[in-house]
Amino acid sequence: MAIHATSLNFHDLLVANGSIPTADGRILMSDGAGVVEAVGEGVTEFAVGESVVSGFFPQWQDGRAFDDVGNFRGTPGDGIDGYATEYVVRPAHYFTHAPACWGHSEAATITTAGLTAWRALVVEGGIKAGDSVLLLGTGGVSIAALQIARAMGARVIITSSSDKKLERARALGATDVINYRTSPNWGAEVLALTKGRGVDHVVEVGGPGTLGQSLQAVRVGGNVALIGVLTGRGGEVPTSLLMAKQARLQGLVVGSRRQQQEYVAALEQNNLRPVIDCSYPLERLSDAFKFQESGSHFGKIVVEW
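Each residue of the sequence shown is one higher than the one before, starting from 1 at the first, in the UniProt record's numbering.
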């Protein structure tokens with residue numbers, strides 16, 4: 001594989017800054033997209049010249065989560081070497097085909113952020129036309145989820161501290177927007193927007209600092225997908241509210257190879273393209289991380305070479 005692009009995720013940042021310890025000299029980045037340069041004997045799924053994209057859990061081919069995906073020991077850029085490099089030699093099942101006619105930087109957004117949003121809403125959430133979705137912030141997962149939800153015919157409510165970003169989200173199809181700085185009790189505002197019912201789905205990227213508001217915003221019997229820890233790795237869970245809402249709170253980390261293949265098929269069918277904020281060359285990966293830390297981006301930050 002000749003690697004030509006990667007994209008930045010919060011997990012990559014935690015590895016890069018030492019918050020998640022890994023082996024000295026580890027090659028960073030979980031996401032990798034590029035071109036097949038050669039195939040080994042018996043490989044029939046891929047051909048030389050085809051565009052492919054990596055998987056986050058290469059050991060998770062299909063089915064439900066199992067013990068080996070309860071940690072990051074097999075995840076590129078963490079437990080094993082990642083894709084911030086020009087060439088890799090890996091087993092064929094480490095990759096799927098990229099969407100037809102996509103650039104490598106676009107395909108690199110699929111591995112972590114895109115597939116997480118797909119699994120949260122479609123695989124686990126069972127989203128359908130007419131559902132309502134609450135998204136927190138305008139990072140890679142939330143913007144991918146916005147696109148998926150709109151393609152499925154769902155109503156989207158999204159939060160941000162930036163009115164400019166909220167207007168961009170509205171242009172992408174968000175029905176309602178909330179500035180959480182000027183409306184700190186945004187859970188109650190979501191209830192008001194849904195006439196007291198609450199939303200069917202919440203893609204919860206914040207963690208302990210936002211979970212209480214998300215549970216306030218979800219409908220009785222709704223789904224909350226806990227996919228991020230932007231506000232910390234531990235904290236109180238409002239158990240009485242969770243019980244009263246009878247909501248399903250599910251933690252999830254990315255998904256399987258089969259789910260990625262289904263996501264790629266959906267992207268092609270719906271002609272969806274990722275939202276990329278900016279691109280850096282590989283030699284400026286550290287600058288890309290600094291920009292990510294600033295929180296100024298909308299959608300994905302990519303690195304391409």
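Every residue, glycine too, gets a C-beta built ideally from N, C-alpha and C.
Quick caveat: nothing in here was measured; it's all calculated off a predicted structure.
With DSSP as the reference, identify every bridge partner of residue i, one or two as the case may be.
| i | result |
| --- | --- |
| His201 | Val133, Asn223 |
| Val52 | Gly34, His97 |
| Asn179 | Ser160 |
| Gly299 | Gly139 |
| Leu249 | Val224 |
| Glu304 | Ala5 |
| Ile80 | Pro76 |
| Val218 | Val199 |
Output the distance between the C-alpha atoms of residue i and residue j, rounded to the nearest integer angstrom.
| i | j | result |
| --- | --- | --- |
| Gly206 | Gly228 | 6 angstroms |
| Leu193 | Thr109 | 31 angstroms |
| Pro76 | Val52 | 15 angstroms |
| Trp118 | Ile148 | 7 angstroms |
| Ala84 | Ala33 | 10 angstroms |
| Leu282 | Lys164 | 29 angstroms |
| Pro238 | Ala171 | 34 angstroms |
| Arg26 | Ser183 | 42 angstroms |
| Leu181 | Ser161 | One detail in the question is off: residue 181 reads as Arg in this sequence, not Leu. Cα-Cα distance, rounded: 5 angstroms. |
| Gly173 | Asp62 | 32 angstroms |
| His93 | Glu189 | 45 angstroms |
When burial is assigned at 16 or more other CB atoms within 10 Å of the CB, is residue i buried or exposed?
| i | result |
| --- | --- |
| Ala16 | buried |
| residue 316 | This structure cannot settle anything about residue 316, because the visible part of the chain is limited to 1 through 305. |
| Ser240 | exposed |
| Pro21 | exposed |
| Thr159 | buried |
| Tyr87 | exposed |
| Ala100 | exposed |
| Pro91 | exposed |
Using a Cβ-based criterion (distance less than 7 angstroms to any ligand heavy atom), does residue i qualify as near the ligand NAD?
| i | result |
| --- | --- |
| Ala65 | Within the structure as shown, the ligand NAD is missing, as the structure has no ligands at all. |
When the cut-off is 8 angstroms and only beta carbons count, does residue i lie next to chain E?
| i | result |
| --- | --- |
| Gly207 | Absence of chain E from the displayed structure is noted, only one protein chain being present. |
### Query
Is the segment 200 to 207 in contact with the segment 167 to 183, if contact means three or more CB pairs nearer than 8 angstroms?
no
### Query
What alpha helix (DSSP H) runs, 4 residues minimum, are completely inside the segment 134 to 175?
Secondary structure remark: continuous alpha helix (DSSP H) runs of at least 4 residues inside the segment 134 to 175, in chain order: 140 to 151, 163 to 171.
#### Entry: Runs of beta strand (DSSP E) wholly within the segment 260 to 296 (minimum 3 residues, chain order)
276 to 280
### Message
For the segment 67 to 82 against the segment 131 to 146, do three or more pairs of beta-carbon atoms, one drawn from each stretch, fall closer than 8 angstroms, so that the two count as touching?
### Response
Under the three-pair Cβ rule at 8 angstroms, the segment 67 to 82 does not count as touching the segment 131 to 146.
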